[in-house]
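The opening position of the sequence shown corresponds to residue 1 in full-length UniProt numbering, with each subsequent residue numbered one higher. Here a beta-carbon is modelled for each residue, glycine too, at the ideal position from N, C-alpha and C.
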Amino acid sequence: MESKLFRDIITNSPNGILVVDEEQKVRFLNKSVERFLKIEPSAAIGCPLYEVIPEFQNMEKMDGQIYGVEIEGKTYYTIPFQMKEEEGRKDTVFFILDLYENKLLRSELSSQKEMIKELEEILEGSFDGILVTDAEGKILYANSSYERVAEIRKKDMEGKYMKDLMNPVWMPNSVAYIVAEQKQPVSKRQIVKSGRHIIVTGRPVFNKKANYIKVK
(Lines of atoms letter the chains of each structure in order from A and count residues from 1; the text may use other names and numbers.)
(Lines give C-alpha, C1' and ligand atoms only; values in the text may rest on other atoms or scores of the structure.)
Protein backbone atom coordinates (compact mmCIF):
# COMPACT_ATOMS: atom_id res chain seq x y z
CA MET A 1 0.00 0.00 0.00
CA GLU A 2 2.69 2.51 1.05
CA SER A 3 5.01 1.64 -1.86
CA LYS A 4 2.12 2.05 -4.33
CA LEU A 5 1.20 5.40 -2.80
CA PHE A 6 4.84 6.52 -2.92
CA ARG A 7 5.13 5.49 -6.57
CA ASP A 8 1.85 7.27 -7.43
CA ILE A 9 3.13 10.47 -5.81
CA ILE A 10 6.41 10.30 -7.77
CA THR A 11 4.66 9.40 -11.03
CA ASN A 12 2.21 12.31 -10.77
CA SER A 13 4.55 14.92 -9.26
CA PRO A 14 4.33 18.32 -11.01
CA ASN A 15 8.15 18.32 -11.04
CA GLY A 16 10.07 16.05 -13.37
CA ILE A 17 11.73 13.02 -11.78
CA LEU A 18 14.19 10.90 -13.76
CA VAL A 19 16.31 8.00 -12.47
CA VAL A 20 19.43 6.52 -14.09
CA ASP A 21 21.55 3.57 -12.97
CA GLU A 22 25.32 3.38 -12.44
CA GLU A 23 25.80 2.91 -16.18
CA GLN A 24 23.84 6.11 -16.79
CA LYS A 25 20.94 4.22 -18.35
CA VAL A 26 17.41 5.47 -17.76
CA ARG A 27 15.50 3.36 -15.21
CA PHE A 28 12.47 5.58 -14.61
CA LEU A 29 10.88 8.87 -15.69
CA ASN A 30 7.61 10.31 -14.48
CA LYS A 31 4.73 11.93 -16.36
CA SER A 32 6.14 15.44 -15.96
CA VAL A 33 9.39 14.44 -17.72
CA GLU A 34 7.27 12.91 -20.50
CA ARG A 35 5.35 16.19 -20.77
CA PHE A 36 8.32 18.57 -20.42
CA LEU A 37 10.64 16.79 -22.82
CA LYS A 38 8.14 14.86 -24.97
CA ILE A 39 9.80 11.52 -24.20
CA GLU A 40 8.02 8.19 -24.42
CA PRO A 41 9.03 5.85 -21.55
CA SER A 42 9.15 2.88 -23.93
CA ALA A 43 11.78 4.70 -26.01
CA ALA A 44 13.83 5.81 -22.99
CA ILE A 45 13.91 3.04 -20.39
CA GLY A 46 17.17 1.10 -20.63
CA CYS A 47 18.78 3.63 -22.98
CA PRO A 48 21.83 5.80 -22.14
CA LEU A 49 20.80 9.12 -20.61
CA TYR A 50 22.83 11.22 -23.04
CA GLU A 51 21.16 9.52 -26.00
CA VAL A 52 17.72 10.21 -24.58
CA ILE A 53 18.53 13.78 -23.45
CA PRO A 54 21.81 14.89 -25.11
CA GLU A 55 21.48 18.34 -23.52
CA PHE A 56 22.23 16.86 -20.09
CA GLN A 57 25.89 16.68 -21.13
CA ASN A 58 25.95 20.50 -21.09
CA MET A 59 24.41 21.16 -17.68
CA GLU A 60 25.77 24.32 -16.05
CA LYS A 61 26.15 24.58 -12.30
CA MET A 62 24.00 27.48 -11.05
CA ASP A 63 24.12 27.41 -7.25
CA GLY A 64 25.04 24.65 -4.82
CA GLN A 65 23.59 21.42 -6.20
CA ILE A 66 21.34 23.21 -8.71
CA TYR A 67 22.17 22.93 -12.40
CA GLY A 68 20.66 24.66 -15.41
CA VAL A 69 20.08 23.00 -18.76
CA GLU A 70 18.58 24.44 -21.94
CA ILE A 71 16.43 22.14 -24.07
CA GLU A 72 14.77 23.38 -27.26
CA GLY A 73 15.04 27.00 -26.13
CA LYS A 74 13.59 26.41 -22.67
CA THR A 75 15.59 26.52 -19.44
CA TYR A 76 15.14 23.85 -16.79
CA TYR A 77 16.61 23.63 -13.30
CA THR A 78 17.75 20.18 -12.25
CA ILE A 79 18.97 18.83 -8.93
CA PRO A 80 20.83 15.49 -9.16
CA PHE A 81 21.55 13.30 -6.15
CA GLN A 82 22.60 9.71 -5.58
CA MET A 83 20.34 7.12 -4.00
CA LYS A 84 21.82 3.87 -2.70
CA GLU A 85 19.62 0.82 -3.14
CA GLU A 86 19.54 -2.09 -0.64
CA GLU A 87 21.46 -4.28 -3.10
CA GLY A 88 24.32 -1.77 -3.03
CA ARG A 89 23.49 -0.29 -6.41
CA LYS A 90 23.75 3.49 -6.67
CA ASP A 91 21.15 5.22 -8.83
CA THR A 92 21.16 8.92 -9.69
CA VAL A 93 17.90 10.82 -9.35
CA PHE A 94 17.29 14.07 -11.23
CA PHE A 95 14.61 16.51 -10.06
CA ILE A 96 13.67 18.65 -13.06
CA LEU A 97 11.76 21.92 -12.77
CA ASP A 98 10.20 23.62 -15.80
CA LEU A 99 10.80 27.34 -15.21
CA TYR A 100 8.53 28.41 -18.07
CA GLU A 101 5.61 26.35 -16.78
CA ASN A 102 6.11 27.72 -13.28
CA LYS A 103 6.22 31.27 -14.63
CA LEU A 104 2.89 30.61 -16.36
CA LEU A 105 1.42 29.30 -13.09
CA ARG A 106 2.70 32.35 -11.19
CA SER A 107 1.34 34.64 -13.92
CA GLU A 108 -2.05 32.94 -13.79
CA LEU A 109 -2.11 33.14 -9.99
CA SER A 110 -1.20 36.84 -10.13
CA SER A 111 -3.97 37.43 -12.69
CA GLN A 112 -6.51 35.63 -10.50
CA LYS A 113 -5.46 37.67 -7.46
CA GLU A 114 -5.93 40.85 -9.49
CA MET A 115 -9.39 39.72 -10.60
CA ILE A 116 -10.35 38.95 -6.99
CA LYS A 117 -9.11 42.38 -5.93
CA GLU A 118 -11.16 44.07 -8.67
CA LEU A 119 -14.24 42.04 -7.70
CA GLU A 120 -13.82 43.05 -4.05
CA GLU A 121 -13.57 46.71 -5.12
CA ILE A 122 -16.79 46.36 -7.15
CA LEU A 123 -18.61 44.71 -4.23
CA GLU A 124 -17.26 47.30 -1.80
CA GLY A 125 -18.50 50.10 -4.06
CA SER A 126 -22.02 48.68 -4.29
CA PHE A 127 -24.79 50.69 -2.63
CA ASP A 128 -26.57 47.43 -1.76
CA GLY A 129 -25.50 45.59 1.35
CA ILE A 130 -23.76 42.33 0.43
CA LEU A 131 -22.98 39.52 2.86
CA VAL A 132 -21.57 36.09 1.92
CA THR A 133 -21.63 33.05 4.20
CA ASP A 134 -20.66 29.42 3.70
CA ALA A 135 -23.13 26.53 3.91
CA GLU A 136 -22.84 26.51 7.74
CA GLY A 137 -23.55 30.22 8.05
CA LYS A 138 -19.95 31.33 8.67
CA ILE A 139 -19.44 34.89 7.46
CA LEU A 140 -16.94 35.04 4.60
CA TYR A 141 -17.41 38.60 3.37
CA ALA A 142 -19.43 41.73 4.11
CA ASN A 143 -19.18 45.06 2.30
CA SER A 144 -19.44 48.50 3.90
CA SER A 145 -23.01 48.96 2.69
CA TYR A 146 -24.10 45.86 4.61
CA GLU A 147 -22.40 47.28 7.69
CA ARG A 148 -24.41 50.50 7.22
CA VAL A 149 -27.76 48.92 6.34
CA ALA A 150 -27.69 46.06 8.88
CA GLU A 151 -26.10 48.26 11.56
CA ILE A 152 -23.52 45.61 12.42
CA ARG A 153 -19.85 46.55 12.48
CA LYS A 154 -17.49 44.52 10.29
CA LYS A 155 -15.19 43.81 13.23
CA ASP A 156 -18.17 42.25 15.04
CA MET A 157 -18.72 39.89 12.09
CA GLU A 158 -15.15 38.73 11.49
CA GLY A 159 -14.80 34.96 12.01
CA LYS A 160 -18.37 34.72 13.28
CA TYR A 161 -21.34 32.59 12.28
CA MET A 162 -24.73 34.20 11.66
CA LYS A 163 -26.04 32.34 14.74
CA ASP A 164 -23.57 34.38 16.82
CA LEU A 165 -25.29 37.58 15.67
CA MET A 166 -28.88 36.40 16.10
CA ASN A 167 -30.97 38.20 18.71
CA PRO A 168 -34.56 37.48 19.85
CA VAL A 169 -35.49 41.14 19.29
CA TRP A 170 -33.87 42.31 16.06
CA MET A 171 -32.65 39.09 14.35
CA PRO A 172 -34.50 36.02 15.68
CA ASN A 173 -33.40 34.06 12.61
CA SER A 174 -30.99 34.59 9.73
CA VAL A 175 -31.95 34.31 6.09
CA ALA A 176 -28.71 32.33 5.63
CA TYR A 177 -30.15 29.38 7.55
CA ILE A 178 -33.50 29.55 5.79
CA VAL A 179 -31.75 29.48 2.40
CA ALA A 180 -29.55 26.60 3.57
CA GLU A 181 -32.67 24.64 4.45
CA GLN A 182 -34.79 25.47 1.38
CA LYS A 183 -31.96 25.65 -1.21
CA GLN A 184 -33.70 28.52 -3.00
CA PRO A 185 -33.81 32.35 -2.90
CA VAL A 186 -35.57 33.70 0.19
CA SER A 187 -36.62 37.25 1.16
CA LYS A 188 -37.63 38.22 4.69
CA ARG A 189 -38.25 41.32 6.74
CA GLN A 190 -35.68 42.05 9.41
CA ILE A 191 -35.49 44.61 12.20
CA VAL A 192 -32.13 46.28 12.85
CA LYS A 193 -30.89 47.65 16.16
CA SER A 194 -32.32 51.13 15.58
CA GLY A 195 -35.79 49.68 14.98
CA ARG A 196 -35.79 50.17 11.20
CA HIS A 197 -37.29 47.47 9.01
CA ILE A 198 -35.24 46.19 6.09
CA ILE A 199 -35.80 43.48 3.48
CA VAL A 200 -33.06 40.85 3.32
CA THR A 201 -32.76 38.52 0.33
CA GLY A 202 -30.58 35.43 0.39
CA ARG A 203 -29.59 33.41 -2.66
CA PRO A 204 -27.95 29.98 -2.64
CA VAL A 205 -24.70 29.45 -4.54
CA PHE A 206 -24.00 26.00 -5.99
CA ASN A 207 -20.74 24.55 -7.28
CA LYS A 208 -20.32 22.76 -10.63
CA LYS A 209 -21.52 19.51 -9.06
CA ALA A 210 -24.74 21.24 -7.96
CA ASN A 211 -23.69 21.07 -4.30
CA TYR A 212 -24.85 23.96 -2.14
CA ILE A 213 -21.80 25.85 -0.85
CA LYS A 214 -22.62 29.50 -0.07
CA VAL A 215 -25.33 32.09 0.59
CA LYS A 216 -25.18 35.65 -0.64
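Limits of the beta strand (DSSP E) - the one that residue i falls within
{"i": "E70", "result": "I66 to I71"}
{"i": "K90", "result": "K90 to D98"}
{"i": "K188", "result": "V186 to I191"}
{"i": "F127", "result": "No beta strand (DSSP E) contains F127, which DSSP labels as neither H nor E."}
{"i": "V205", "result": "P204 to F206"}
{"i": "V19", "result": "G16 to V20"}
Residues of its chain near residue i, where Cβ-Cβ distance is below 6 Å and the 5 sequence neighbours each way are ignored
{"i": "K193", "result": "E151 and W170"}
{"i": "V19", "result": "R27, F28, D91 and V93"}
Cβ pair residue i, residue j closer than 9 Å
{"i": "Q190", "j": "V200", "result": "yes"}
{"i": "I9", "j": "L29", "result": "no"}
{"i": "M162", "j": "I139", "result": "yes"}
{"i": "S42", "j": "I96", "result": "no"}
{"i": "residue 218", "j": "T75", "result": "Lying outside 1 to 216, the shown extent of the chain, residue 218 is not represented and no answer is given."}
{"i": "N143", "j": "L123", "result": "yes"}
{"i": "P48", "j": "K25", "result": "yes"}
{"i": "G68", "j": "L37", "result": "no"}
Reference residue i; option with closest CA among the options
{"i": "P80", "options": "E72, I71 and V93", "result": "V93"}
{"i": "I130", "options": "E118, R148 and E70", "result": "R148"}
{"i": "I116", "options": "D128, P54 and Y141", "result": "Y141"}
{"i": "Y177", "options": "Q24, V69 and G137", "result": "G137"}
{"i": "S187", "options": "N173, G195 and R196", "result": "N173"}
{"i": "V175", "options": "G125, T133 and R35", "result": "T133"}
{"i": "Q182", "options": "F127, G202 and D98", "result": "G202"}
{"i": "N58", "options": "E70, V52 and M157", "result": "E70"}
Residue i burial status per 10 Å Cβ neighbour count (16 or more: buried)
{"i": "M83", "result": "exposed"}
{"i": "G73", "result": "exposed"}
{"i": "G195", "result": "exposed"}
{"i": "D98", "result": "buried"}
{"i": "H197", "result": "exposed"}
Span of the alpha helix (DSSP H), counted from its first residue to its last, around residue i
{"i": "I178", "result": "V175 to Q182"}
{"i": "R35", "result": "K31 to L37"}
{"i": "V149", "result": "S144 to A150"}
{"i": "residue 223", "result": "Here the chain comprises residues numbered 1 to 216, so residue 223 is not present and cannot be evaluated."}
{"i": "D164", "result": "M162 to L165"}
{"i": "P41", "result": "P41 to A44"}
Beta-carbon proximity list for residue i, same chain, < 7 Å, skipping 5 on both sides
{"i": "Q184", "result": "P204"}
{"i": "S13", "result": "N30 and S32"}
Residues near residue i by beta carbon distance below 8 Å, same chain, minus five either side
{"i": "R89", "result": "D21 and E22"}
{"i": "F127", "result": "S145"}
{"i": "V179", "result": "P185, V186, G202, R203, P204 and V215"}
{"i": "I39", "result": "L29, V33, V52 and I53"}
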